[in-house]
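The block underneath contains the structure these notes are about, expressed in structure tokens.
Protein chains: 2
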Amino acid sequence: MMKSSSLFCLLYLLVLLLGFLCIALTGYWVQRWRGGFALQGSALFNWHPVCMITGLIVLYGSAALVYRLPFSWTGSKFPWKLLHASLTLAAFIVSVLGLVAVFKFHNDHKFPNLYSLHSWLGLAAVGLFSCQWVTALCTFLLPWASIWLRNLYKPIHVFFGMMILTLSVAAALAGINEKLIFSLDPRINGSLPYASLPPEACLMNAVGILIVVFGLLVLWMLLRPTWQRPDLSGPEVRQPLLEDDEEEECQ
Amino acid sequence: MMKSSSLFCLLYLLVLLLGFLCIALTGYWVQRWRGGFALQGSALFNWHPVCMITGLIVLYGSAALVYRLPFSWTGSKFPWKLLHASLTLAAFIVSVLGLVAVFKFHNDHKFPNLYSLHSWLGLAAVGLFSCQWVTALCTFLLPWASIWLRNLYKPIHVFFGMMILTLSVAAALAGINEKLIFSLDPRINGSLPYASLPPEACLMNAVGILIVVFGLLVLWMLLRPTWQRPDLSGPEVRQPLLEDDEEEECQ
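Residue numbers (UniProt numbering), protein chains in the order written: chain L, 1 to 251; chain W, 1 to 251.
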């Protein structure tokens with residue numbers, strides 16, 4: 001029977017593959033049907049779905065699983081903290097670029113911002129993400145917080161991490177649905193209607209389902225007890241952070 | 001300091017209040033701006049959002065928390081199983097009525113079915129829900145399955161239960177967004193555009209956020225370890241179900 005750690009690694013590869021597929025298919029959709037990428041004009045918008053899926057879902061979801069990698073459980077935790085912080089920071093920066101693209105596109109074309117439920121959800125996800133990142137930096141990475149505070153905050157950080165991913169997935173699904181309604185409108189641009197399910201509608205509906213599978217897989221891998229980092233936070237291993245490499249509050 | 005069980009009961013009341021608010025505000029929206037309820041014509045559609053939010057989100061989420069009620073932990077588990085099964089069955093029936101409403105409305109008006117990502121997500125949620133209900137009936141309620149099988153299936157049932165709620169919330173959010181885009185279209189019905197955020201858009205965007213808060217609260221209450229039913233599944237209390245009232249596999 002396959003070892004639990006091997007199964008985890010195999011599923012992590014599947015997560016990365018699914019994530020890559022979501023980004024690549026969204027890029028293909030934009031390139032094939034929506035005018036490709038540009039820094040102005042209507043193609044400026046196209047950075048938005050690609051950046052948001054890359055940052056807020058794929059990079060974010062992959063970063064969330066770092067502490068579940070079995071080979072991260074031995075030795076110093078500090079490099080894994082740095083990797084987790086760096087990947088989530090990259091996820092945040094790419095998401096912000098995606099927001100810049102859509103705000104600039106709206107402003108250039110005198111379209112209103114932030115009216116749809118999709119935009120409210122997306123903004124809530126990015127807002128919570130920024131709070132989460134700064135709070136985690138202050139609590140887990142910088143040497144100010146006590147072990148007591150870290151252990152108090154840890155389950156809150158993990159829960160909000162999962163909820164931000166869930167919110168991001170919901171925002172992405174509403175966004176794909178919204179974009180297909182607007183784009184596949186024969187009254188405006190003579191395209192086939194969304195209701196006739198042309199190839200690009202099938203493709204992006206399928207990407208929506210892939211995003212759901214990606215999100216559910218990440219959540220399942222985060223929640224499975226046997227894949228959670230063993231709690232080594234007994235008093236004998238609790239030492240001030242950044243003074244010694246052996247910080248061991250469980251995350 | 002407040003007892004953990006009192007906090008749970010208080011939050012359960014908050015869940016019920018939030019759920020009631022989501023249903024009442026959606027009903028108000030339909031009544032005030034979308035022509036009320038009817039069994040034919042365009043008002044037939046209006047049963048769809050109300051039934052789906054009532055069944056697939058509010059009833060479903062409330063039913064999921066039944067085993068976390070502290071006073072369900074003592075005495076026989078059987079009445080609580082029946083309550084959980086009945087509430088989820090009611091949730092399923094109300095959801096199916098919501099689906100019947102939208103299919104009949106589409107067919108009456110020669111609109112295509114099942115093309116949007118919203119509809120794919122909603123159908124996936126209802127499909128998984130029906131599989132989940134039947135599998136749980138056969139495993140937990142009928143006397144066929146062994147304790148070994150029940151304990152094997154239990155974490156899968158709990159995980160899929162949470163994922164179906166998450167999927168339902170995502171489908172509802174995409175659906176509200178879609179309905180507001182279609183309804184608030186000056187080219188078709190001379191209404192104010194969604195982009196100008198008229199009162200009904202603000203109301204239903206806010207209902208979307210309330211649904212997110214409802215879903216996150218239910219998931220948090222399900223995941224919090226201290227609110228999970230103690231595992232009494234030691235060999236001394238494992239007895240065949242429906243032969244004795246003392247079935248005790250942990251759920």
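Ideal Cβ placement from N, Cα and C applies to all residues, glycine included.
Look at the region 152-164 of chain W: the residues with a C-beta under 7 Å from a C-beta of chain L are F159 and M163.
Chain-order list of chain L residues neighbouring G208 of chain W: L117, W120 and L121, by C-beta distance under 8 Å. By the CB criterion at 8 Å, R34 of chain L and M221 of chain L fall outside the cutoff.
Not a single CB atom of chain L sits nearer than 8 Å to the CB of I23 of chain W. Residues of the same chain with a CB within less than 8 Å of the CB of G27 of chain W, apart from the 5 flanking positions on each side, are V50 in chain order. For the C-beta of V102 of chain L, not a single chain W residue is nearer than 8 Å; the gap to the nearest is close to 14 Å. Neighbours of E178 of chain W across chain L, judged by C-beta separation under 7 Å: N177 and I181. Using a Cβ-Cβ cut-off of 7 Å, T166 of chain W is close to T166 of chain L, given in chain order. At a Cβ-Cβ threshold of 8 Å, G175 of chain L and G122 of chain L count as neighbours. At least one CB atom of chain L sits nearer than 8 Å to the CB of R187 of chain W.
Here the C-alpha atom of A145 of chain L lies approximately 7 Å from the C-alpha atom of C138 of chain L.
Looking only at L:K104, L:Q40 and L:L219, the smallest Cα-Cα distance to I57 of chain L is reached by L:L219. In the three-state reduction of the DSSP assignment, K179 of chain W falls in the helix class. Counted as a single uninterrupted DSSP element, the alpha helix (DSSP H) harbouring P49 of chain L occupies residues W47 to M52. Collapsing the DSSP output to three states places D185 of chain W in coil. In the DSSP assignment, Q228 of chain L falls outside any alpha helix (DSSP H) and carries neither an H nor an E.
Inclusion of T88 of chain W and W133 of chain W in the CB contact set at 8 Å is warranted, their separation being smaller than that value.
With distances taken between CA atoms, S116 of chain L lies nearest to W:S196 out of W:Y60, W:A136 and W:S196.
In the DSSP assignment, P70 of chain L falls outside any alpha helix (DSSP H) and carries neither an H nor an E. In terms of beta-carbon proximity, L192 of chain W stays away from the interface with chain L, with every pair separated by 8 Å or more. Using a Cβ distance threshold of 8 Å, F160 of chain W and G61 of chain W do not count as a contacting pair. Within its own chain, the residues whose Cβ lies closer than 7 Å to the Cβ of I164 of chain W, once the five positions on either side in sequence are excluded, are A125, L128, F129 and Q132, listed in chain order.
If only complete runs of 4 or more residues are kept, the region 85-123 of chain W shows no alpha helix (DSSP H) anywhere.
A check of alpha carbon separations from P193 of chain L across W:M204, W:F111 and W:I93 identifies W:F111 as the nearest.
With a threshold of 16 other beta carbon atoms within 10 Å, I188 of chain W falls short and is exposed.
Residues G161, L165, V218 and L222 of the same chain have their beta carbon placed closer than 7 Å to that of A64 of chain L, with the five preceding and five following residues left out of the count. Put simply, the CB of L217 of chain W is far from chain L, with every gap to its CB atoms at 8 Å or more. Secondary structure at M2 of chain W: coil, using DSSP grouped into helix, strand and coil.
About 39 Å separates the beta carbons of W73 of chain L and M204 of chain L, which is beyond the 8 Å limit, so they are not a contact pair. Excluding residues up to 5 positions away in sequence, V126 lie with their Cβ nearer than 7 Å to the Cβ of L99 of chain W in the same chain. Relative to the Cα of P198 of chain W, the nearest Cα in the group W:I181, W:I211, W:I209 and W:V212 belongs to W:I181. What P230 of chain W touches in chain L, judged by beta-carbon distance under 9 Å, is nothing: the nearest beta carbon there is about 16 Å away. In its chain, beyond the 5 residues on either side, S4 have a beta carbon closer than 7 Å to the beta carbon of T226 of chain W.
With a beta-carbon spacing of about 7 Å, V169 of chain L and V212 of chain L fall inside the 8 Å limit used to define contacts. With a cutoff of 8 Å on beta-carbon distance, V66 of chain W and H84 of chain W are scored as near each other.
For W29 of chain L, the closest Cβ of chain W is not nearer than 8 Å.
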